[in-house]
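Asks: Numbered as in full-length UniProt numbering, the sequence shown ends at 251 without a single skipped number.
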Amino acid sequence: IGFWQFMRDTGRRYGLTINQHIDERRNLFASTRAAIRYLKDLHEKLGSWTLAAAAYNMGEQGVEAEILEQGTDEYYNLYLHIETQRFIFRILSVKLILSNPERYGFYLSEDDCYPPLEFDRIHLNGYQDIPIRIIARAAKTHFKVIKDLNPEIRGHYLTKGSHTILIPKGSAKDFSSRFQDLFKRLVETKKESVYIVKKGDNLSLIADRFNVPLVALLIWNKLDLKAYIYPGDRLIIYKKEVKAVETHESK
1 IGFWQFMRDT GRRYGLTINQ HIDERRNLFA STRAAIRYLK DLHEKLGSWT LAAAAYNMGE
61 QGVEAEILEQ GTDEYYNLYL HIETQRFIFR ILSVKLILSN PERYGFYLSE DDCYPPLEFD
121 RIHLNGYQDI PIRIIARAAK THFKVIKDLN PEIRGHYLTK GSHTILIPKG SAKDFSSRFQ
181 DLFKRLVETK KESVYIVKKG DNLSLIADRF NVPLVALLIW NKLDLKAYIY PGDRLIIYKK
241 EVKAVETHES K
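#1: Check for me: the beta strand (DSSP E) holding Thr164 runs from which residue to which?
#2: Would Phe6 and Ala53 qualify as a contact pair, given that the criterion is a beta-carbon distance under 9 angstroms?
#3: Given this structure, state the Cα-to-Cα distance separating Glu241 from Tyr228, to the nearest angstrom.
#4: Would you say the beta carbon of Ile167 is closer than 8 angstroms to some non-hydrogen atom of the ligand MG?
#5: I'd like to know whether the C-beta atoms of Pro168 and Glu118 end up nearer to each other than 9 angstroms.
#6: Is Gly2 buried or exposed, if buried means 16 or more other CB atoms sit within 10 Å of its CB?
#7: So for Gly11, helix, strand or coil by DSSP?
#8: If you compare alpha carbons, which of Gln20, Glu44 and Leu16 is closest to Thr32?
#9: Three-state secondary structure (DSSP) at Ile229?
#10: Out of Asp208, Ile237, Tyr230 and Thr10, point me to the one whose CA is closest to Ile219's CA.
#11: Use the C-beta contact count for residue 252: other C-beta atoms within 10 angstroms, 16 or more gives buried, fewer gives exposed.
#12: Can you tell me the Cα-Cα spacing of Phe175 and His156, whole angstroms?
#13: As a quick exercise: from Gln180, Asp112, Lys173 and Gly47, pick the residue whose alpha carbon is nearest that of Arg121.
#14: List in chain order: all unbroken alpha helix (DSSP H) runs of 4+ residues lying wholly within the UniProt domain "LysM" (193-237).
#15: Indicate the three-state DSSP secondary structure (helix, strand or coil) for Ala244 in the structure shown.
#16: Which runs of the alpha helix (DSSP H) spanning at least 4 residues fall entirely within the stretch 109-179, listed in chain order?
#17: Exposed or buried, Phe179, counting other C-beta atoms within 10 Å across all chains shown (16 or more means buried)?
#18: Whose CA, out of Ala55, Tyr195 and Val215, lies closest to the CA of Arg234?
#19: Quick one: grab the DSSP three-state call for Asp181.
#20: Let me check understanding here. Comparing Cα to Cα, which of Leu80, Tyr230, Val212 and Lys226 lies closest to Lys199?
#21: Pull up the distance between the alpha-carbon of His142 and that of Asp148, whole angstroms please.
#22: Quick check on Ile82: buried or exposed, where buried means 16 or more other Cβ atoms within 10 Å of its Cβ?
#23: What is the residue span of the alpha helix (DSSP H) that Arg37 lies within?
#24: Quick one: give me the first and last residue of the alpha helix (DSSP H) that Leu68 is part of.
#25: Which of the three DSSP states, helix, strand or coil, is assigned to Ile1?
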């Protein structure tokens, strides 16, 4: 998952937070730092960058097994999976082309390049979950923009605790006051209704009973369509936020 295609266990081993709320494999900055550490460790262990890159693709144990079986640790004398062989030569091809694109028939202008990603950073210290839509409104942007800038956030809420997130460039100014005002209004206007699940209930029936969209019911309760509910479970129909959130701005 993510730009660096980390497996769950490897990502966690290199310090990435991976749970049902946050998956830092999708965070380009955090995952790049982790990938660099991983590649350096592979290089130290295997002795060459080509073997390190191969191990990154197919797993270090896979490369070590092939070295042991084939009796050579020279990358270009090893027979590896075709996917791994292509992986290495694609890396080399990209390096050669981008080092001298005209030589290979590519005439690139600045307009052909992606614009640099510009953003402001804000720090949120929430005592409870924060709806992303409130962050988006405080940043004068859309829900989608916040999700695109922070792909590691799963779902519709930022979980309680300390977080650093990205918002569009220039929107950090006065973000804190806008956020506090929006959050206060959310507290004052949103009514909470708690439903106790009864025998025979399912999520669709409950959504119909309260005349709310099923997807909204799932979002409010941080559930998915595969979730099981049991008699006695408590479901929030109109979620109410009750505590303030500390914010700090930085650029």
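Glycine included, each C-beta is placed from N, C-alpha and C at the ideal position. Note that the structure is predicted; figures quoted are calculated from it, not measured.
Replies: Looking at the coordinates:
#1: Here the beta strand (DSSP E) through Thr164 covers Gly161 to Pro168.
#2: Result no, Cβ atoms of Phe6 and Ala53 do not sit closer than 9 angstroms.
#3: Annotation note: pLDDT 43 at Glu241 (below 50); position unreliable, no value reported.
#4: Summarising the ligand content, the structure contains no ligands, and the ligand MG is consequently not present.
#5: Yes.
#6: Here Gly2 is buried, its C-beta having at least 16 other C-beta atoms within 10 Å.
#7: If DSSP states are grouped into helix, strand and coil, Gly11 belongs with the helices.
#8: Measuring from the Cα of Thr32, the nearest candidate turns out to be Leu16.
#9: In the structure shown, Ile229 sits in coil (DSSP, three-state: anything other than H, G, I, E or B).
#10: Measuring from the Cα of Ile219, the nearest candidate turns out to be Ile237.
#11: It is not possible to answer for residue 252, since the shown part of the chain is limited to 1 through 251.
#12: Their backbone Cα atoms lie some 20 angstroms apart in a straight line.
#13: Comparing Cα positions, the closest option is Lys173.
#14: 203-209 and 214-220, all fully within the UniProt domain "LysM" (193-237).
#15: Confidence in Ala244 is poor, its pLDDT being 44 and thus under 50, which makes the residue's placement unreliable; the coordinate value appears in the next sentence. Annotated three-state conformation of Ala244 is coil, per DSSP.
#16: Taking only runs of at least 4 residues, the alpha helix (DSSP H) segments lying wholly in the stretch 109-179 are 132-138 and 143-149.
#17: Phe179 sits buried, since 16 or more C-beta atoms from the chains shown fall within 10 Å of its C-beta.
#18: The shortest C-alpha to C-alpha distance from Arg234 to any of Ala55, Tyr195 and Val215 is the one to Tyr195.
#19: Under the three-state reduction of DSSP output, Asp181 falls in the helix class.
#20: Nearest of Leu80, Tyr230, Val212 and Lys226 to Lys199, Cα basis: Tyr230.
#21: Taking C-alpha positions only, His142 is separated from Asp148 by approximately 10 angstroms.
#22: Result: exposed.
#23: Its alpha helix (DSSP H) spans residues Leu28 to Leu46.
#24: According to the DSSP assignment, Leu68 belongs to the alpha helix (DSSP H) that extends over Glu60 to Gln70.
#25: The three-state reading of DSSP puts Ile1 in coil, since its state is none of H, G, I, E or B.
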